[in-house]
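Here is the structure we will look at, set down as structure tokens.
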Amino acid sequence: MRIANYIDGVFVEPQNGRYIDNIDPSTGKIYGEIPKSTEADVTHAVGSAKKAFPSWSQLSASKRSSYLLKLADELDEKLEYFAKAESKDNGKPLSLAKKVDIPRAIDNFRFFATAILHEKSEIHDMGISGFNYTLRRPLGVVACISPWNLPLYLFTWKIAPALAAGNTVVAKPSEITPATAFILSELIDKVGFPKGVINIIHGKGEDAGQPLVSHSDVSLISFTGGTTTGEKINRIAAANFKKISLELGGKNPNVIFSDCDFDKMIQTTVRSSFSNQGQICLCGSRILVESNLYTRFLKAFIQETKKLKIGPPMDPKSDLGSIVSKDHKEKILSYVELAKKEGGKVEFGGESITLEGEYSGGFYMSPTIISRLDMSCRTNQEEIFGPVVTVMPFSSENEAIQLANNSRYGLAATVWTNDLKKAHRIADNIAAGIIWINSWLVRDLRTPFGGVKESGVGREGGYESLRFFTEPKNVYVDLK
Ligand code: NDP
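So this is what it looks like as structure tokens:
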């Protein structure tokens, strides 16, 4: 697969003619080429988005909505094809891509295509003297930058509301997983979006992402990725007065009380630990268990984790596929070594796995459970972003809250108890943007999504997204 940039409604090569290898993580083999775009390509894309902005933003909401709905229908028809492409590019089980990634990408388009039809503006009445009304207008050219873990899902989470609100877009998917964004550009072309409304640039963060966020004609940045990259981008945005939303890393706690529904909790905790090989920003990686349940929990958790099958992503029996890249797998395994040095006990896993035959060069590892670490160690403080969790006991509600909040991150948490009052108390006291009580990863697209502390700045989701992708303008009318 030779990927092309999509600029001004045309599939184009990078101006320098250079490409990066695209690696299939399930085999470790090169299977395609990705444009190594640079500032010149970004300038071309931003220019085309700028040219397209006036007419796109002046279309009626229902017209913009109809383009997005058509795109959603096309994607729906090709769900299976996209799921296979996502699985091959990222290493995630095909079953997961079919059940979560692609359906949610379709939902993103449908949700924002219809949400925009229900937008209303505010008026602030001042009685007989006058009144204010608020206009919400798109900003212009916006930059959408997304990571590799949920490639199409997070890519569409940004471009759908941006376009629905009337902006024109230059988007850059992760260079590690560009395939589904590329085949989406083929659908965008088929649907016939006006030229320049959506431009997709492929390439590395420093070569293509950085010039994009720095471009003076880009007035808004929606970024999902790591905290270090987010900090870099935030500096550029701040110095240039750009509107920004940052969805960053996490080190999410699962707080488990002995009065929970044990079976449901165990099944969900296995999922929240190891789904997508633990490479979901919302995975729980610090598992806190009430002391009187600790031994029973650990035994059952290990038993259930042992049942997970690691295998080729396309095999319907695989629960875990491959890690996204060789470098990332090495990084995760280095954390297992660090955990041992810090005094941790590997209760299960911690190993590199070699599959047979054509998959022998793939990047597989076992789900890993580590105990006996305290909260201050690096293993518990740094984001590993892989199938590695730690388990720790706590003996009181206060201690659970303290441990959960002992982190520079604050993205998500789960709380497990059947005591409703306690559940609310804990949810209220954990510093995080998203809390699930007795569940995990239930998403309602109307709800605000984002983190606190170093997990991010701002919220996306539902009307939060439509507000983010528009600027309010207050108009006062004097009646005196
Ligand atoms: P990175 O921060 O490395 O990259 C994210 C995106 O930014 C990629 O498209 C990357 O391009 C690009 N990029 C890198 N450097 C720059 C730069 N200087 N300027 C502009 N763009 C740049 O994150 P990962 O892709 O490794 O994703 C994993 C991270 O994402 C984890 O920390 C995870 O927690 C977080 N995440 C957060 C979520 C949330 O909602 N809070 C959801 C999902 C993931 P390229 O890859 O081509 O270098």
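Quick note: the sequence shown uses my numbering, first residue 4, plus one each step.
All residues carry an ideal CB built from backbone N, CA and C; glycine is no exception.
Bear in mind that the values here come from a model prediction, so they are computed numbers and not experimental data.
Any non-hydrogen atom of the ligand NDP within 6 Å of residue i CB
| i | result |
| --- | --- |
| residue 177 | yes |
| residue 388 | yes |
| residue 207 | yes |
| residue 280 | no |
| residue 54 | no |
| residue 213 | yes |
| residue 229 | yes |
| residue 235 | yes |
| residue 250 | yes |
| residue 147 | no |
| residue 216 | yes |
| residue 151 | yes |
| residue 286 | no |
Spatial neighbours of residue i in its chain, beta-carbon cut-off 6 Å, leaving aside the 5 residues before and after
| i | result |
| --- | --- |
| residue 378 | 406 and 409 |
| residue 35 | 4 and 25 |
| residue 183 | 85, 88, 89, 154 and 155 |
| residue 210 | 41 |
| residue 163 | 111, 112 and 115 |
Distance CB(residue i)-CB(residue j) smaller than 7 Å
| i | j | result |
| --- | --- | --- |
| residue 30 | residue 367 | no |
| residue 321 | residue 312 | yes |
| residue 215 | residue 258 | no |
| residue 390 | residue 96 | no |
| residue 105 | residue 88 | no |
| residue 37 | residue 26 | no |
| residue 234 | residue 453 | no |
| residue 350 | residue 372 | yes |
| residue 75 | residue 113 | yes |
| residue 173 | residue 73 | no |
| residue 92 | residue 180 | yes |
| residue 165 | residue 144 | no |
Close beta carbons around residue i, own chain, < 7 Å, minus the five adjacent residues each side
| i | result |
| --- | --- |
| residue 107 | 156 |
| residue 55 | 171, 197, 198, 199 and 200 |
| residue 421 | 262, 263 and 264 |
Same chain, Cβ closer than 8 Å to residue i, five either side skipped, listed in chain order
| i | result |
| --- | --- |
| residue 245 | 216, 221, 222, 223, 224 and 239 |
| residue 283 | 152, 153 and 444 |
| residue 134 | 126, 127, 128, 479, 480 and 482 |
| residue 32 | 26 and 364 |
| residue 374 | 301, 347, 348, 350, 393, 394 and 395 |
| residue 436 | 413, 414, 415, 451, 452, 453, 454, 455, 458, 459 and 462 |
Burial state of residue i, where buried means 16 or more other Cβ atoms lie within 10 Å
| i | result |
| --- | --- |
| residue 199 | buried |
| residue 447 | exposed |
| residue 58 | exposed |
| residue 61 | exposed |
| residue 13 | exposed |
The ligand ZN heavy atom lying under 6 Å from the CB of residue i
| i | result |
| --- | --- |
| residue 443 | Ligands present in the displayed structure are limited to the ligand NDP, and the ligand ZN is not among them. |
Subject >> Segments of 4+ residues assigned as alpha helix (DSSP H) that fall wholly inside the segment 409-463 >> reply: 423-432
Subject >> Continuous beta strand (DSSP E) assignments of at least 3 residues falling wholly in the segment 153-196 >> reply: 171-175
**OP:** Quick one: which unbroken beta strand (DSSP E) runs of 3-plus residues sit fully inside the segment 326-376? Chain order, please.
**Re:** With a minimum length of 3 residues, the continuous beta strand (DSSP E) runs that stay inside the segment 326-376 are 348-351 and 371-374.
**OP:** Would you list, in sequence order, the uninterrupted alpha helix (DSSP H) runs of no fewer than 4 residues that lie entirely inside the segment 217-277?
**Re:** 230-242 and 265-277
Original post:
Which ranges does the beta strand (DSSP E) cover as unbroken runs of at least 3 residues, wholly within the segment 380-410, from first to last along the chain?
Top reply: 391-397
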